[in-house]
Each structure stands twice: as structure tokens, then as C-alpha cells.
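Quick notes on the structure that follows.
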Amino acid sequence: MDLAMKLHYLRGVYYFSSQAFQWLTIKKIKEAMFKWLNHYYVACGRFRRSKSGRPFVKCNDCGVRFTEAESDRTVEEWLEMKDLISLQKLMFPDQVIGPEQQFSPQVLIQITRFKCGGASLGLSWAHVLGDAFCAADFIDMWGKFMAGHQLSA
53 MDLAMKLHYL RGVYYFSSQA FQWLTIKKIK EAMFKWLNHY YVACGRFRRS KSGRPFVKCN
113 DCGVRFTEAE SDRTVEEWLE MKDLISLQKL MFPDQVIGPE QQFSPQVLIQ ITRFKCGGAS
173 LGLSWAHVLG DAFCAADFID MWGKFMAGHQ LSA
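Just so you know, our numbering puts the end of the sequence shown at 205, numbered straight through with nothing missing.
Here you go:
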């Protein structure tokens, strides 16, 4: 846990064309996620504070929050929209950590399907878990599990 970081989320969105997403179903995505979260079990915990006020993660297997959404636009139409920066907020769960931290998940994921068959994966990653490189590694590992790879010891 990175104690120098404030309790906030790093956010990012990955976009996929219909060709890249055509063989994936929500069921397959979630099945890979269950395997992958066994290795990133801290991401399934919740924030707590010790008696001294120091934050820590209680590994209680509460899970990550997973949301599904749909858009009536294609990926290309979405990316060409003029107000894309403010619209990006629709691509990931817009939640803050707290005020009751024990109910705040450390990872929130949103899959948005577009009318063209493409999709986006929105990630809200609690910065105390690690920096943007850690979040990217987290997503990369999930992709490897979806592709059928196993972790080597």
C-alpha cells in the first residue's frame, strides 16, 4: 500500500474494435477475472483505518465492482465526439473513495458495448494499490488469463 498517496482513483479507458472483441462474452471476461483476482487478492479487499488512523487494506474477499453498459454509437463515433474529455466519465464508474471507506471497492471496472460490436473497458484503480504502471500490469495480466495463459512460478 502506497501511504504517500491520497485515497483516490486513477482512471483509464481501453477501446477495442469489433474484431478485437468479437469472441469475448461477459461470461468469459468474468471467468478470467475470477482466476486473475486470485493473484491480485488485495484488489478485492476494502480500506480500513487502524486505531492510530493509518489506512490499511483488509483482505476480506469483497471483490471488485463490475458494471456493464451499452452505447448507441460506434467506437469511431464516440472517439470523434467534440466533448470527449467530459464524455470519458461515462466510460468508467464515477465514484470517489469514502466517506465510509469500508464500502469503497479498490477496483471498479466498466465494460461498455458499442453498436458496432466494439467495446471499452473502463478502470478505476485505487492509487494506494500502486501507480499507473501497476494498474497497466493488472489489466495486462487479466488479458493473459483471457488468452488462456497461466502464471509461471
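All C-beta atoms in this analysis are idealised placements derived from N, C-alpha and C, irrespective of residue type, glycine included. Predicted model only: the values in this text are computed from it and were never measured.
- Ranking W75, M85, Y93 and C168 by CA distance to the CA of D124 puts C168 first.
- L76 has its alpha-carbon roughly 13 Å from the corresponding atom of K196.
- A84 and M198 have their C-alpha atoms some 5 Å from each other.
- In the three-state scheme derived from DSSP, where H, G and I count as helix and E and B as strand, G64 is classed as strand.
- If the five residues before and after Q74 are omitted, its C-beta is found closer than 8 Å to the C-beta atoms of G169, all from its own chain and listed in chain order.
- Spanning the alpha carbons of H60 and R98 requires a straight line of approximately 13 Å.
- Residue pairing for F185: DSSP places it in no beta bridge.
- In the three-state reduction of the DSSP assignment, G105 falls in the coil class, being assigned neither a helical nor a strand state.
- Beta-bridge partners of S70 (DSSP): none assigned.
- Membership of V127 in the alpha helix (DSSP H) is indicated by the continuous run V127 to L131.
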